[in-house]
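Enquirer: Below is a structure I'd like to ask you about.
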Amino acid sequence: MQIDLQDLHFGYRPEHEILHGVDLTLAGTDPIAIIGQNGAGKTTLVKQFNGILTPTSGHVLIDGQDVTTQTTAKWSSKVGYVFQNPNDQLFLDSVRKEFEFGPKRIGMSSAEIKQRVDQVAELVELTDDLDTHPFDLDDTQKKFCTIGAIIMMNPDVVVFDEPTCGQDVHGDHLLNHIIQHLTAEGKLCVTISHDMKFVSQNFKRVIVMSQGAVQLDGTPEDVFSQTATLKTCFITPPPLTQLAQTVGFTATPFTTDAFVRAFEEERK
Amino acid sequence: MDDLAIEVKDLSFRYRQTTHAALSHVSFSVPKGSFFCIIGGNGVGKSTLCNTFVGLIPHYFLGKMDGDVLVNGQSIIDQSIADLSSQIGLVFQNPFNQLSYTASTVAEELAYGLGNRGVAREEMVTKVEAVAKLMRIDQVFDQNPLDLSGGQAQRVAFGSTFILEPKILVLDECTTQLDPMGADEIFAIVKRLNNEGITVIMVDHDMERVAEYADQVLVLADGSPVLQGAPAEVFGDPRLADFGVEPPDYAAVTQALAKRQLIQDKLGVTKDQAAALVKEGLNHAD
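Which chain is which? The protein sequence lines are A and U, in order. With our numbering, letter number 26 in the first sequence gets 26, and the count goes up by one each step, no holes. With our numbering, letter number 6 in the second sequence gets 1006, and the count goes up by one each step, no holes.
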């Protein structure tokens, strides 16, 4: 599964362009994080991946096929997008119905749907809430309901739009678990996040957007060590990286263990 | 007590049609001018507590309440939400739960509370412009608030609370949709107001931020207070993990370094504290 963006330009209005020529290839299964300031164009970018939005010029190719040749509903069995605000996505009267809706639309067999409902509910920890009205779930559970509804369609690529917002420690761990689970199944997870701790610890590739263009693209170590560029993109590195930079370490640690190792290295 | 902004007295609350108490026997007080943080996992009662401070409980959300909450010495039971709004302002977790849904532009949204108070038009215009500038939403002044991004809507929600100049500010995970620098910018404004004497009560999952700003931290678990103290006390408490809270990374790293006797045995909960300990540890090794 590969998504290619070729000189992609986009604006909601012709006089106001938001994405200014993005070239990007997303492939493999290493989870990818997209970070950047509010208004940098992150959501606008990922909505191009399955044709929710289509470029004003340039191309989006999914496994070589132009995204405009099929409807979003068709692409959604390949590329699923989890909305930032659950209320934009949920509209049925039970979690089970939310889970069943997408797969039915793409023609999944009822036997497979039934089996997947149980598996996915367990993965997103909503087994006991399958018959609950989504609006009776708390904000965190709602988010996991929207994630489950997309995973139900078994897409090759899952795009999460700010899944960490409002999550507590447990929510963060569960998200991490879901991403690892999907990765192990051979899926590619692409996640927009403002939580740099989460990004640095769970992703192998980090893409930094600013003003409608890609500014940095690399491993977390590469990206978070570029202090000058990060500043112009209004990004603050994760806490331990900031600490390491404050005390002048050469390494770019993200975890306690890595920081301790860096300390021992500096002491030599 | 004249020096207390909030006094929570043996407060219990159960939402209507639920069997589980959202809050049970909660007592604590918030001194005037302090920066008080409430932390804990999701669903432990943090937002419920915030709703009592502004009178949404018991006057809007129905349920069974026992005990009392005093705001500036007066019971929330005896005051209407409107009365309380002149003393205390709440910025909601989800800005779209806070918007008035009657304003067609950001400017009208900001002016909404002032209009309800009968503020003169000229004064209103001056205040709205000042707040829009402060929150950096003057660019979207004429847009419909419902068309804004989550981050911008959070700025409007902040602005519409600040504009009423409350003496007590309650912030319920109110920067979750802002990028880190945007959140830093908002907290710099909040800290300035706190320095000017405004009491701040903050619910947040970002422990680095809590450690940076709080003078008192209260940990809630399953509707009851389980720990309270200065950040260094709370974040050094070994029971913290049992309550679903991870300390700031700075605390974890200084603990790990101290355990290996690489730095002196002190807890650094903020970046500055941790940096000082790390630098000293490195110099000591030379």
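Just so you know, even glycine gets a beta-carbon here, dropped at the ideal spot from N, CA and C.
Less than 8 angstroms between the C-beta atoms of Cys233(A) and Gln37(A), yes or no?
Expert: Yes, Cβ-Cβ distance for Cys233(A) and Gln37(A) is below 8 angstroms.
Enquirer: Anything in chain A within Cβ reach of Arg1260(U), meaning under 8 angstroms, just list it in chain order.
Expert: Val260
Enquirer: Quick check on His194(A) - is its C-beta less than 8 angstroms from some C-beta in chain U?
Expert: yes
Enquirer: At 4 residues or longer, what runs of the alpha helix (DSSP H) sit wholly inside the stretch 1212-1242 of chain U?
Expert: You should have 1231-1235.
Enquirer: Quickly, what does DSSP pair Gly1067(U) with across the bridge? List them, please.
Expert: None; Gly1067(U) has no bridge partner.
Enquirer: With H, G and I counted as helix, E and B as strand and the rest as coil, what does DSSP make of Lys209(A)?
Expert: Position check: residue 209(A) holds Met in this sequence, whereas Lys was assumed. In the structure shown, Met209(A) sits in a strand (DSSP, three-state: E or B).
Enquirer: Compare the C-beta of Leu1178(U) with all C-beta atoms of chain A and state if any pair is closer than 8 angstroms.
Expert: yes
Enquirer: Nearest to Gly1229(U) by CA position, among Thr1019(U), Phe1028(U), His1020(U), is which residue?
Expert: Phe1028(U)
Enquirer: Would the beta-carbon of Ile235(A) fall within 8 angstroms of that of Ile34(A)?
Expert: no
Enquirer: When you check each C-beta in the stretch 1132-1155 of chain U against every C-beta of chain A, which residues fall closer than 8 angstroms?
Expert: Within the stretch 1132-1155 of chain U, the residues whose Cβ lies closer than 8 angstroms to some Cβ of chain A are Ser1149, Gly1150, Gly1151, Gln1152, listed in chain order.
Enquirer: Taking only three categories from DSSP, how would you classify Arg261(A)?
Expert: helix
Enquirer: At a Cβ cut of 8 angstroms, what residues of the stretch 1228-1262 of chain U count as close to chain A, listed as they run along the chain?
Expert: Within the stretch 1228-1262 of chain U, the residues whose Cβ lies closer than 8 angstroms to some Cβ of chain A are Gly1244, Val1245, Glu1246, Pro1248, Asp1249, Tyr1250, Ala1252, Val1253, Ala1256, Leu1257, Arg1260, Leu1262, listed in chain order.
Enquirer: Going by C-alpha distance, which of Thr256(A), Lys97(A), Gly102(A) is nearest Met153(A)?
Expert: Gly102(A)
Enquirer: Of the choices Phe135(A), Thr191(A), Ala262(A), whose alpha-carbon is the least far from that of Asp88(A)?
Expert: Phe135(A)
Enquirer: Given Ala213(A), which residues of its chain have a CB within under 6 angstroms of its CB, disregarding the five upstream and five downstream residues?
Expert: His20
Enquirer: Under 7 angstroms between beta-carbons, which chain A residues line up against Lys1279(U)? List them in chain order, please.
Expert: Val247
Enquirer: Since Leu1169(U) and Gly1089(U) should fall inside the 8 angstroms C-beta cutoff, what is the C-beta to C-beta distance between them, to a whole number of angstroms?
Expert: 6 angstroms
Enquirer: Return the residues of the stretch 125-148 of chain A that lie within a Cβ-Cβ distance of less than 8 angstroms from chain U, sorted by chain order.
Expert: Asp138, Asp139, Thr140
Enquirer: Along the stretch 1072-1105 of chain U, where does the CB come closer than 9 angstroms to a CB of chain A? Name the residues.
Expert: Gln1093, Asn1094, Phe1096
Enquirer: Report yes or no: do the stretch 164-174 of chain A and the stretch 104-119 of chain A share at least 3 C-beta pairs separated by less than 8 angstroms?
Expert: no
Enquirer: Quick check: the Cα distance between Ala262(A) and Phe254(A), rounded to an integer number of angstroms?
Expert: 11 angstroms
Enquirer: Give the secondary structure of Gln37(A) by DSSP, where H, G and I count as helix, E and B as strand, and everything else as coil.
Expert: Under the three-state reduction of DSSP output, Gln37(A) falls in the coil class, being neither helix nor strand.
Enquirer: Could you tell me which residues DSSP puts in a beta bridge with Glu162(A)?
Expert: Beta-bridge pairing links Glu162(A) to no other residue.
Enquirer: Whether or not the stretch 1010-1026 of chain U and the stretch 1159-1178 of chain U are in contact is what I'm after, with contact meaning three or more pairs of Cβ atoms, one per stretch, closer than 8 angstroms; do they touch?
Expert: no
Enquirer: Alpha carbon to alpha carbon, how far is Leu1114(U) from Gln1139(U)?
Expert: 21 angstroms
Enquirer: Does any residue of chain U bring its CB to less than 8 angstroms from the CB of Thr236(A)?
Expert: Yes, Thr236(A) counts as interfacial toward chain U.
Enquirer: Could you check where the alpha helix (DSSP H) with Phe99(A) kicks off and where it finishes?
Expert: 95-105
Enquirer: Name the chain U residues that come within less than 7 angstroms of Glu266(A), Cβ to Cβ?
Expert: Leu1282
Enquirer: Who are Lys1009(U)'s beta bridge partners in DSSP?
Expert: Asp1068(U)
Enquirer: Assuming Glu1173(U) contacts Gln1273(U) under a Cβ cut-off of 8 angstroms, what Cβ separation, rounded to an integer in Å, is found between them?
Expert: Wrong, their Cβ atoms sit about 25 angstroms apart, outside the cutoff.
Enquirer: Cα separation between Pro1225(U) and Leu1023(U)?
Expert: 9 angstroms
Enquirer: Please list the partners that Lys1271(U) has in chain A, where partner means a Cβ-to-Cβ separation under 8 angstroms.
Expert: Pro239, Gln242, Leu243, Thr246
Enquirer: Given the structure, does Val60(A) come close to the ligand SAM, in the sense that its CB is under 7 angstroms from one of the ligand's heavy atoms?
Expert: This structure lacks the ligand SAM; in fact it carries no ligand of any kind.
Enquirer: Using only the alpha-carbon positions, how far apart do Thr1294(U) and Leu53(A) sit?
Expert: No statement about residue 1294(U) is possible, as the shown extent of chain U runs from 1001 to 1286 and does not include it.
Enquirer: Between Phe10(A) and Asp66(A), what straight-line distance do the alpha-carbon atoms span, to the nearest angstrom?
Expert: Using only the alpha carbons, I get a separation of about 16 angstroms.
Enquirer: Which one or two residues does DSSP pair with Pro1031(U) in a beta bridge?
Expert: Leu1004(U)
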